[in-house]
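In the numbering used here, the protein residues as written are 416 to 541. Following: one structure in structure tokens, then a few remarks.
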Ligand code: HEM
């Protein structure tokens, strides 16, 4: 009985760490893809940015499940709501002009800023 409880706890812990790993890869694709594209001088939505924005939404929502055993060390639901709002905004801002040859510089800087703000919310809002 205690053994199977421990096994399922360890399984959920492993699932949380795998999701966190995917979430960090998505962040790297989104931020790295956007910075590299910006520095290239041709400002457009590349596949890394598009897939990064999708991975962040999906992995973030999955990570919001109570994967720590439901204790009071789960992340603040308001923090998660703020992150979800910004991530949905980023996704819309990426998805709508994804086929355009060039996007507005201000729009692109908006995507970059919201990405950095969401990472700051993740790290500083404890
Ligand atoms: C562009 C969008 C996003 C970015 C840049 C981002 C960034 C990050 C980063 C850097 C971490 C690691 C922080 C740490 O472990 O200390 C993290 C963790 C996490 N993120 Fe996101 N995230 C985004 C979207 C989302 C969304 C939409 C959700 C869910 C609504 C979400 C929920 C979480 C959760 C639950 C964690 C686990 C760590 C914790 O806060 O306790 N994220 N995120």
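Cβ atoms here follow ideal geometry from the backbone N, Cα and C, with glycine treated the same way. Here the structure is a predicted model, which is why all the values come from computation and not from measurement.
- Residue 428 counts as exposed, since fewer than 16 other C-beta atoms from the protein chains shown sit within 10 angstroms of its C-beta.
- Note that the stretch 480-494 does not touch the stretch 447-465; fewer than 3 beta-carbon pairs, one per stretch, sit closer than 8 Å.
- Each residue's CA atom was taken as its position, placing residue 497 and residue 514 some 28 Å apart.
- Counting of Cβ neighbours within 10 angstroms places residue 507 among the exposed residues, the total staying below 16.
- Between residue 441 and residue 470, the C-beta gap is smaller than 7 Å, which places the two residues in contact.
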